[in-house]
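Enquirer: Structure incoming, see below.
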């Protein structure tokens with residue numbers, strides 16, 4: 001019986017140590033590379049996250065292009081068309097598993113690019129801590145999104161995240177190449193860990209009852 005009591009005490013001690021270490025921030029990354037042409041249409045991409053806990057910070061990197069026709073293709077880099085695309089007639093929205101949306105790029109249909117012919121394929125990281133806001137021109141780098149990603153803070157990251165892409169006019173397509181969702185979170189114990197804790201507490205309760 002003493003061995004059981006020592007085992008129960010060890011279980012509780014181990015869980016206490018694990019709980020203390022749970023304050024360490026973990027990071028989970030979800031990637032998608034399903035190429036698509038969105039031209040006067042809309043599309044979604046799924047980003048699956050298996051981590052469970054409390055969200056501390058969310059960033060997302062999206063590789064895309066906004067060029068005048070024709071599309072540059074999945075392996076393209078520079079715009080092919082000679083015309084200037086409407087660089088800000090598209091929108092990007094990230095939605096959490098629970099349904100909370102955050103707009104990364106908000107469309108302004110009245111904006112027209114200059115004579116540069118478009119930026120070609122760019123990789124843009126949306127980060128609340130970035131020095132510059134996104135837009136109105138398409139360019140690579142790190143930028144603050146149209147809405148704050150802090151709206152996801154305190155949520156559980158687990159589940160299916162959705163990136164929504166919409167292009168509002170034809171002839172200068174939005175091309176999607178890839179995205180990478182990066183989430184920093186504070187983990188919570190797995191159900192199995194909680195079951196072990198319950199066993200330890202139960203054994204310690206039995207010991208206390210016998211003493212009485």
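Numbering (the UniProt record's numbering), first residue to last: 1 to 212.
Just so you know, even glycine gets a beta-carbon here, dropped at the ideal spot from N, CA and C.
#1: Exposed or buried, residue 20, counting other C-beta atoms within 10 Å across all chains shown (16 or more means buried)?
#2: State the CB to CB distance for the pair residue 58 and residue 159, rounded to an integer number of angstroms; the pair is presumed to be in contact (CB under 8 Å).
#3: Using a Cβ-Cβ cutoff of less than 8 Å, which residues in the same chain neighbour residue 31 once the five nearest sequence positions on both sides are dropped?
#4: Give me the DSSP bridge partner(s) of residue 159.
#5: Decide if residue 138 is buried, meaning its Cβ has at least 16 other Cβ atoms within 10 Å, or exposed.
#6: Roughly how many angstroms lie between the CA atoms of residue 167 and residue 154, to the nearest whole one?
#7: Please say whether residue 164 and residue 95 have beta carbons closer to each other than 8 Å?
#8: Taking the alpha-carbon of residue 176 as reference, which of 33, 26, 28 and 29 has the nearest alpha-carbon?
#9: Please report how far the alpha carbon of residue 133 lies from the alpha carbon of residue 145, in whole angstroms.
#10: Closer than 6 Å by C-beta to residue 28: which residues in its own chain qualify, once you throw out the five before and the five after it? Chain order, please.
#11: Within the same chain, show all residues whose beta-carbon is closer than 8 Å to that of residue 118, passing over the 5 residues directly before and after it, in chain order.
#12: Do you know offhand how far residue 25's Cα is from residue 157's?
#13: Mapping the DSSP letters down to three states, classify residue 86 as helix, strand or coil.
#14: Is it right to say residue 71 is buried, meaning 16 or more other beta carbons lie within 10 angstroms of its own, or is it exposed?
#15: Using 8 Å for Cβ pairs, my map puts residue 73 next to residue 170. What's the rounded Cβ distance?
#16: Quick check: the Cα distance between residue 53 and residue 121, rounded to an integer number of angstroms?
#17: Let me know the secondary structure DSSP gives residue 143 once reduced to three states.
#18: Once the 5 residues before and after residue 143 are set aside, which same chain residues still bring their CB inside 7 Å of it?
#19: Quick one: Cα of residue 61 to Cα of residue 149, how far?
#20: Using C-beta distances below 7 Å, list every residue in its chain close to residue 35, excluding the 5 sequence neighbours before and after it, in chain order.
Expert: Inspection of the coordinates gives the following:
#1: Confidence at residue 20 is low in this model, with a pLDDT of 45, below 50, so its placement is unreliable and the value that follows should be read with caution. That one is exposed.
#2: The beta carbons of residue 58 and residue 159 sit about 14 Å from each other, so the pair does not count as a contact at 8 Å.
#3: Closer than 8 Å at Cβ, skipping near neighbours: 47, 178, 179, 180 and 181.
#4: DSSP lists 49 as the beta-bridge partner residues of residue 159.
#5: A residue is called buried when at least 16 other Cβ atoms come within 10 angstroms of its Cβ; residue 138 meets this threshold and is buried.
#6: Rounded to whole angstroms, residue 167 to residue 154 spans 31 Å at the Cα level.
#7: With contacts defined by Cβ atoms closer than 8 Å, residue 95 and residue 164 form a contacting pair.
#8: From the listed residues 33, 26, 28 and 29, the smallest Cα separation to residue 176 is found for 33.
#9: Take the alpha-carbon of residue 133 and the one of residue 145: they are about 6 Å apart.
#10: Here the set comprises 49, 51 and 183.
#11: Setting aside the 5 residues that flank it on each side, residue 118 is surrounded in the same chain by 65, 66, 67, 68, 79, 81, 84, 85, 87, 138 and 172, each with a C-beta closer than 8 Å to its C-beta; the list follows chain order.
#12: Those two C-alpha atoms are separated by around 13 Å.
#13: If DSSP states are grouped into helix, strand and coil, residue 86 belongs with coil.
#14: Buried, because 16 or more other Cβ atoms sit within 10 Å of the Cβ of residue 71.
#15: At roughly 18 Å, the Cβ-Cβ gap does not stay under 8 Å, so residue 73 and residue 170 are not in contact.
#16: When rounded, the distance between both Cα atoms is 35 Å.
#17: When DSSP states are grouped into helix, strand and coil, residue 143 belongs to the strand group.
#18: Excluding residues within five positions, the ones whose Cβ falls inside 7 Å are 124, 126, 130, 132, 133 and 134.
#19: If you take the alpha carbons of residue 61 and residue 149, they lie about 13 Å apart.
#20: So the list reads 74, 176 and 177, once near-sequence residues are dropped.
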